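Quick note: the sequence shown uses the working numbering, first residue 62, plus one each step.
Positions of the beta carbon are idealized from the N, C-alpha and C atoms, including for glycine.
Please read these numbers as outputs of a predicted model, since none were measured by experiment.
All remarks here apply to the structure that follows.
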Amino acid sequence: MNSNNQNEYNASFTTSVPNYSTSYPLTNDQTTVLNNMNYKDYLMMIEGSNHQFSGGPELYSSLGTMDKILSITGAVLGALGVPGAGMVVGAVQKILDILAPEDPWAQFMERVEQLVNQKIEKQTRDKAIAELEGLVNNFQLYLVALEEWKAAPSSTRVQRDVKNRFEILDSLFTQYIPSFRISSYEVPLLTVYTQAANLHLLLLRDASVLGEKWGWNTLTINNYYDRQMKLTAEYSNHCVKWYNTGLDRLRGSTAQQWFTFNQYRREMTLMVLDLVALFPNYDTRTYPMETHAELTRTVYTDPIAYDQVGDNNWRKYGPSFSELESLIRPPSLFTWLDSINIYTTKVSYFERYINSWTGHLLRLSYTNSTKYTASEHGNNRDYINQFFVNAQSKDIYQTIAYPYAFRVGPTLEKLNYIYGVPKLVFNMTPEAGPAHTSIYSQATGGSYLQSLTKDSESELPTAPFSDKPIAPFSDKSQPNEETYTHRLAYATMIQMPKINGKGYLPLLGWTHRSVKRSNTVYTDKITQIPVVKGSEIWNTSTIINSGYAGGGIIKDTKSSTHDTSLTRMVSLGIKTEDLKPSVFAKYRIRVKYAADVDGQFEVFINNTSPVKVNFKATMTSGANLQYNSFKYVEYTGYFNNREVSLQISSSTPQGRTRNVYIDKIEFIPENANNKSGEDLEEAKKAVNSLFTNTKESLQTGITDHQINQAGNLVECLSDELHPNEKRLLWDAAKEAKRLIQVRNSI
62 MNSNNQNEYN ASFTTSVPNY STSYPLTNDQ TTVLNNMNYK DYLMMIEGSN HQFSGGPELY
122 SSLGTMDKIL SITGAVLGAL GVPGAGMVVG AVQKILDILA PEDPWAQFME RVEQLVNQKI
182 EKQTRDKAIA ELEGLVNNFQ LYLVALEEWK AAPSSTRVQR DVKNRFEILD SLFTQYIPSF
242 RISSYEVPLL TVYTQAANLH LLLLRDASVL GEKWGWNTLT INNYYDRQMK LTAEYSNHCV
302 KWYNTGLDRL RGSTAQQWFT FNQYRREMTL MVLDLVALFP NYDTRTYPME THAELTRTVY
362 TDPIAYDQVG DNNWRKYGPS FSELESLIRP PSLFTWLDSI NIYTTKVSYF ERYINSWTGH
422 LLRLSYTNST KYTASEHGNN RDYINQFFVN AQSKDIYQTI AYPYAFRVGP TLEKLNYIYG
482 VPKLVFNMTP EAGPAHTSIY SQATGGSYLQ SLTKDSESEL PTAPFSDKPI APFSDKSQPN
542 EETYTHRLAY ATMIQMPKIN GKGYLPLLGW THRSVKRSNT VYTDKITQIP VVKGSEIWNT
602 STIINSGYAG GGIIKDTKSS THDTSLTRMV SLGIKTEDLK PSVFAKYRIR VKYAADVDGQ
662 FEVFINNTSP VKVNFKATMT SGANLQYNSF KYVEYTGYFN NREVSLQISS STPQGRTRNV
722 YIDKIEFIPE NANNKSGEDL EEAKKAVNSL FTNTKESLQT GITDHQINQA GNLVECLSDE
782 LHPNEKRLLW DAAKEAKRLI QVRNSI
């Protein structure tokens with residue numbers, strides 16, 4: 062079996078929203094004029110991301126466990142693009158909509174119980190569920206008080222009520238969360254612990270965003286902020302520790318044990334680690350504006366094989382645990398699937414046969430680079446035909462496979478069998494253009510063949526979030542090609558042991574769709590680029606998985622016996638979105654790192670003179686990585702919109718051995734305020750153009766589309782910089798929508 066033969070080549074080919082409600086600012090000065098103004102007066106006064114308006118609330122009652130989890134993660138990722146207090150209404154309300162209509166807590170617990178084969182004692186379970194329901198109910202009461210305060214922010218009574226609700230809810234989280242980490246049940250309770258921790262951290266974020274408006278002094282706000290930082294570390298460390306503990310407990314020796322191990326790794330990554338990776342973004346002092354975040358980890362769906370209960374279930378006769386685990390791709394730089402060349406071989410026994418996928422050649426490219434890697438998997442010899450799947454600049458968002466199996470053994474004592482995959486549907490969507498399908502389909506023949514259907518979306522389901530927005534004010538359901546959560550990134554091949562028969566089983570790896578194809582640095586929000594999206598690492602650097610990062614990080618180990626030694630770590634290709642090529646955009650450039658000795662980073666941009674940034678040790682030598690092991694260093698740099706190459710090197714003090722880890726590099730635009738002002742002017746013009754001079758009626762010929770477009774522009778305005786203008790323009794857009802509905806009904 063040639064299951065993982067990889068060769069790298071240098072080539073020069075080119076690889077071709079949350080609901081809005083009125084928000085509240087962090088520290089902006091509000092004028093009495095705007096506070097007390099209605100939208101008509103405002104439009105008269107001003108004459109002379111892509112969020113969307115929403116219809117009714119999303120319905121989550123029919124979703125299963127993974128659907129709910131992916132919807133929650135999607136809500137948080139979407140809300141990171143909503144500055145200031147907008148996250149409260151955006152993320153929390155969506156999360157509560159998912160959690161409140163029915164009781165998912167028992168569902169979450171039961172799924173982990175199944176994975177780890179451990180039942181939670183009934184009293185512990187009932188107590189946890191009751192307290193979780195109480196937290197959700199009290200959070201809803203807090204949001205009601207918050208809405209009342211937003212409607213009358215100067216009212217002493219409503220201000221007192223919302224502060225009381227906040228303090229009560231914070232106290233309840235503090236009291237109840239220990240119930241979700243009861244000794245001996247930490248692993249089966251881990252999903253509900255993570256969800257409760259996520260809600261608590263989102264709540265504490267409000268103290269930084271709203272505390273000043275509520276009349277709290279600086280000391281009180283700082284105390285809440287310090288608690289948020291302390292609990293972020295505590296919650297994150299607990300989640301990562303017990304995720305790893307549960308995973309280690311499932312290690313074994315058989316194919317069945319590996320199957321469960323892989324399911325746990327996939328589902329607990331979705332249910333636990335993905336959210337943990339987003340916790341740091343709730344820090345409003347580190348991330349005070351819109352933030353683009355990405356999850357670069359890879360998860361593997363179940364092998365494509367016949368696995369019904371019975372004699373032909375592949376898990377009874379498959380390779381050993383260690384053989385199967387060796388097929389999982391080691392931590393590596395992030396790559397994009399360009400193509401799969403599938404090889405078909407005839408697998409037969411007398412008149413029965415399956416023309417099956419038995420091997421393939423992958424072509425994978427690096428982000429913003431002409432480099433690619435090619436790897437062979439399975440049996441690529443003696444094939445009868447080939448099938449080419451072109452995935453360049455496309456997302457394969459779903460596979461529907463039809464695995465077959467049949468028994469050929471003459472006796473029950475020694476069962477012989479044959480497995481194959483003669484048909485697989487690849488559903489894909491390009492960067493631009495309609496979704497389409499590529500179908501691999503081969504012949505089968507003979508009697509007593511058993512088959513089933515395996516849909517990847519049954520394991521990695523869609524979720525109601527998308528970066529391809531539908532029309533504002535619409536409640537139309539989005540098709541799968543817009544709501545998919547994962548894209549196909551890798552494929553390897555399992556060879557069944559020949560002692561019992563023969564067959565090959567494809568094993569597919571998937572990455573989260575939050576990862577963008579280009580390392581684009583935005584001009585109006587913070588951009589996080591995981592360093593594993595680089596195109597090259599050097600000899601002393603390796604990629605390791607980190608439960609805190611949402612994927613891999615770079616580790617560099619170096620000894621220096623003489624003078625201070627400089628080591629190149631990683632090279633990334635980046636570009637900016639600056640619309641004026643001749644103007645250089647100014648950024649604060651921030652590196653998230655961990656290190657066990659002091660040292661210095663050198664950052665090179667297109668071979669210019671390096672910028673040197675000193676860093677301090679964040680951990681002791683030999684210690685395991687923890688949440689607080691990671692710190693930031695930063696400097697200021699300039700870029701224009703052409704692509705640039707960025708290299709990070711680190712130095713080692715003389716006579717020391719050191720370990721340096723880099724998680725991500727972040728770009729914070731310094732000129733975002735100018736862009737925000739331009740956006741405001743554009744939104745004003747768009748909304749104003751909808752109305753006649755009196756602002757009482759619509760202009761003749763105004764269409765739904767024009768109103769929706771104006772609404773989109775309003776929705777993209779900053780909550781922090783233009784809270785009152787956004788509120789007034791939003792009221793105007795809603796009135797325009799009402800007027801056109803009346804007009805259309807006549």
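In the three-state reduction of the DSSP assignment, residue 422 falls in the strand class, which pools E and B. Secondary structure at residue 651: strand, using DSSP grouped into helix, strand and coil. Judged by beta-carbon spacing, residue 325 lies within the 9 Å limit of residue 308, meaning their Cβ atoms are closer than that value.
Annotated three-state conformation of residue 707 is strand, per DSSP. Here DSSP, grouped into helix, strand and coil, assigns residue 691 to coil.
Within 10 angstroms of the beta-carbon of residue 429 lie 16 or more other beta-carbons, which makes it buried. In the three-state reduction of the DSSP assignment, residue 540 falls in the coil class. For the set 289, 419, 797, the Cα lying nearest the Cα of residue 483 is the one of 419.
Burial state of residue 693 is exposed, judged by a 10 Å Cβ sphere holding fewer than 16 other Cβ atoms. Here residue 721 is buried: its Cβ has 16 or more other Cβ atoms, across all protein chains shown, within 10 Å. When secondary structure is reduced to three states using DSSP, residue 756 falls in the coil class, being assigned neither helix nor strand. Proximity to residue 654 across 415, 336, 723, 610 peaks at 723, based on C-alpha coordinates.
Under the three-pair Cβ rule at 8 Å, the region 327-337 does not count as touching the region 187-197.
In the structure shown, residue 788 adopts helical secondary structure according to DSSP, grouped into three states. DSSP, read as helix, strand or coil, puts residue 600 in coil. Of all alpha-carbon atoms in 444, 453, 412, the one lying nearest the alpha-carbon of residue 431 is that of 453.
293 is the residue among 293, 206, 272 whose C-alpha sits nearest the C-alpha of residue 687.
Between residue 353 and residue 587, the CB-CB gap stays under 9 Å.
DSSP, read as helix, strand or coil, puts residue 194 in helix. When Cβ pairs closer than 8 Å are counted between the two stretches, the region 396-412 is seen to touch the region 442-449, the count reaching three or more. In the same chain as residue 502, and ignoring 5 residues on each side of it, the C-beta atoms closer than 6 Å to its own belong to 484, in chain order. Residue 512 places its beta carbon 9 Å or farther from that of residue 378. In this structure residue 542 is buried. Its beta-carbon is surrounded by 16 or more other beta-carbon atoms within 10 angstroms. Residue 179 is positioned such that its CB atom lies closer than 9 Å to that of residue 246.
Comparing C-alpha distances from residue 286 to each of 305, 263, 299 shows the shortest one belongs to 263. DSSP places residue 329 within a helical segment (H, G or I) once states are collapsed to three.
Residue nearest to residue 743 within the set 212, 540, 778 is 778 (criterion: CA-CA distance). Secondary-structure assignment with DSSP links residue 485 through a beta bridge to 462, 501. For residue 582, the closest alpha carbon among the candidates 798, 327, 730 is that of 730. Secondary structure of residue 437 (DSSP, three-state): strand.
For residue 497, the closest C-alpha among the options 598, 608, 457 is that of 457. When 760, 213, 409 are compared, the shortest CA-CA separation from residue 468 is found for 409. As the crow flies, the alpha-carbon of residue 224 is around 49 Å from that of residue 494. By the Cβ rule, the region 378-391 does not count as touching the region 571-579, because fewer than three pairs are nearer than 8 Å. Here residue 758 has 752, 800 as same chain residues with Cβ atoms under 8 Å from its own Cβ, once five neighbours each way along the sequence are excluded.
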